[in-house]
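Residue numbers (mature numbering (1 follows the signal peptide of the UniProt record, and there is no 0)): -26 to -1, 1 to 490. No residue lacks a Cβ here, since even glycine has one placed at the ideal position from N, Cα and C.
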Amino acid sequence: MYNRRKNAVLGLLLALSLVITLPVLASEVNQVVEDVNGLTIIYYCDADNNLEGALLEDIEEMKAGIKPGTKVVALVDRIPSYSSNSTILGENFTDTRLYEIAYDQQAQTGKATRISGGSEFPEITTVSNFEANMGDANTLAKFINFCKANYGARQYALIMANHGGGVRTEEDSETNHLNRAVCWDDTNGHDTLYTGEISDVLGSSHSVDLLGYDACLMGSAEIAYQYRPGNGGFEAQVMVASAPTEWGNGWRYDNILERIKVTSDTHNGENDLTMGGQENYYSPHSITMLQLGGIIVEEQRDSTSARNDQQLSCYDLSGAANVKTSVDAFAKALYSENSNLENIRGNITAPTIIHYYRPFSSNEQINYPFFDLYDLAKKTNEDDQNYSQAIRDKASAVMTAIDNLVVYSFAGSKFNGFTDSKNGVSIFFPKGDNNNWIYDSTAQKYVQVRHWSQQWWYHPLDTTISMGAGNYYGKIKWCEDGLNTAINEVGNWFELLDFWYDTSNSADGGLNGYQW
């Protein structure tokens, strides 16, 4: 089996397309009609990597499930190496193309139509062979501009489909950079969209109602806070994401879209384990984004029921700021009493709380030390032997804040102790004082380095400039907001980690170039 972080299985057999895809002139489709769509889904389909076959299957599912009142606009980037399918989108290609996926009344099914990018994306036409860099935030910005200018809707949902959180496999070099990112483009130098980069390039005009990550490892407090409402830039009201790795099949788009339609029927007869009652139908002209998020979570729960390792959450991002405030207060209380959380988290190789990485993997201990934030706070709140009442009260406040952030969630039995709609948002919590062997190409030998020294991506500063750190990027708002400007003081979670793991606190910033 494979997932949306690791290598996809080659040679996927793709189903025949339900309909023929025909190229048309931009003027025939690229216009805002008087009967505005209830919902436009902006589908950023980065298939320029080993997920090409799986992402094409997702488009086939969209065609099967879409109903009137909803349109999907897809920017699809492909690659020569993995799939030669020519039926799903009408032809095989290896460049980047635009498609409208909509319900065809005459054919009584969905149809994908190749379209031009108009003035917003002039490089793409119905006859172009343009190769877009899906790892460049400017590509995403142009695509959103195109969708908003040409597909007016009551609400917009942006779905980013590709690898998430990192694509490093067990075979990758230990010297590869670590980062928090999504959408790797293999034919453009493996460029990727960094969390801080999206905030740098996109503005408030690019904001959407729902932000969906059909990708691994993006269901974190850090990501939720980065794109929260009122942040002054690109934002979303609702986010759907997975805290751990997600299977390569991704979301079940046919079942999701099948439930968004105008119909006299109220439900499909199945029990809804996510939102309660029956699995209702929702009109695209009145559906809320929390309802859409609930549908996505429920259909993922149904489609992965035979597995024990899948998880998905729907977040109300209006609660993200309070989560940040409460976690920072928790961090300051731990610092003031010189307390740590080692006994709560357990050893990085044998954690005692819900975690979203493989503890036996030395790579994942460094790359993906993501722990369930609610479980971390809950276990601290219950521990009156090691923590003061003040610290436990702060942990309780974190739990309350998360209750208002995580609206819907589920997880397989692998995540022992998981409670729906409480657990399901991660926080970065490395074992920063562990040592790791890496190969020093200058010295031509293996040397020991601290885990914390390898986490420059988790940083408030622009590390591409201040550290000359290649693709580390930094500029994580979770790390930046709430910093204490005084030296040897802790103001937020990032500074608490730096206090624990960069004890010298020298003027040069020590292990990560930051002096707390």
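4-residue-minimum alpha helix (DSSP H) runs that sit fully inside the stretch 347 to 411, ordered along the chain: For the stretch 347 to 411, whole alpha helix (DSSP H) runs of length 4 or above, ordered along the chain, are 347 to 356, 363 to 379.
Helix, strand or coil: which one does DSSP assign to glutamine 489? It is coil, neither helix nor strand.
Euclidean distance between Cα positions of leucine 470 and alanine 305: Put simply, the backbone Cα of leucine 470 is about 6 Å away from that of alanine 305.
Write down every uninterrupted run of the beta strand (DSSP E) in the stretch 163 to 213 whose length is 3 residues or greater and which is fully enclosed by it, in chain order. Those beta strand (DSSP E) runs which fall completely within the stretch 163 to 213 and span 3+ residues are 165 to 168, 182 to 188.
For the candidate residues Gly109, Thr87, Thr113, Ala38, whose alpha-carbon lies nearest to that of glutamate 97? The shortest Cα separation from glutamate 97 among Gly109, Thr87, Thr113, Ala38 belongs to Thr113.
So, leucine 264 versus valine 212, is the Cβ gap smaller than 7 Å? Closer than 7 Å, so yes.
What's the gap between the Cα of aspartate 346 and the Cα of aspartate 302? For aspartate 346 and aspartate 302, the distance between alpha carbons rounds to 16 Å.
Can you tell me which of the three DSSP states methionine 134 falls into? Correct three-state label for methionine 134: strand.
Alpha-carbon to alpha-carbon, glutamate 454 and threonine 438: For threonine 438 and glutamate 454, the distance between alpha carbons rounds to 16 Å.
Give me the Cα-Cα distance between asparagine 409 and valine 271, rounded to the nearest whole angstrom. Each residue's alpha carbon lies about 38 Å from the other.
With C-beta atoms as the reference, is arginine 366 less than 7 Å away from asparagine 355? It is a contact, given that the beta carbons lie within the stated cut-off.
For alanine 295, which three-state DSSP category applies? It is helical.
Could you check how far apart the C-beta atoms of isoleucine 15 and alanine 131 are, in whole angstroms? I think they sit under 8 Å. Rounded, the Cβ-Cβ distance is 5 Å, consistent with contact.
Going by alpha carbons, who is nearest to glutamate 316 out of Phe120, Tyr382, Asp357, Thr278? Nearest C-alpha to glutamate 316 among Phe120, Tyr382, Asp357, Thr278: Asp357.
In chain order, what residues of the same chain lie with their CB nearer than 7 Å to the CB of glutamate 338, ignoring the 5 residues before and after it? Around glutamate 338, the same chain offers Tyr331, Arg332 as residues with beta carbons nearer than 7 Å, after the five sequence neighbours per side are excluded.
Would you give the residue range spanned by the alpha helix (DSSP H) that residue 494 belongs to? An answer regarding residue 494 cannot be provided, because it is not within the stretch -26 to 490 covered by the chain.
Since glutamine 200 and tryptophan 452 are thought to touch, with beta carbons under 8 Å apart, how far apart are those beta carbons, to the nearest angstrom? Confirmed, about 7 Å.
Tell me which same chain residues have a C-beta within less than 6 Å of the C-beta of glycine 267, skipping the five on either side of it? Taking glycine 267 as the centre and dropping the five residues before and after it, the same chain places the C-beta of Val212, Val214, Cys288 closer than 6 Å to its C-beta, in chain order.
Pick from Ala351, Ala48, Ser300: whose alpha carbon is nearest that of isoleucine 318? Cα-wise, what sits closest to isoleucine 318 is Ala351.
How should threonine 240 be labelled, buried or exposed, when 16 other C-beta atoms within 10 angstroms of its C-beta is the threshold for buried? With fewer than 16 Cβ atoms within 10 Å of its Cβ, threonine 240 is classed as exposed.
Measure the C-alpha to C-alpha separation of aspartate 394 and glycine 193 and round it to an integer number of angstroms. In a straight line, the C-alpha of aspartate 394 is about 14 Å away from that of glycine 193.
What's the gap between the Cα of valine -3 and the Cα of serine 102? At valine -3 the pLDDT is 38, less than 50, meaning the model places this residue with poor confidence and gives no usable figure here.
Pick out whichever of Ile62, Thr323, Ser55, Gly91 has its Cα sitting closest to the Cα of arginine 71. Relative to the Cα of arginine 71, the nearest Cα in the group Ile62, Thr323, Ser55, Gly91 belongs to Gly91.
Sort Phe403, Tyr187, Lys235, Thr237 by Cα distance to tryptophan 225 and report the nearest one. It is Tyr187.
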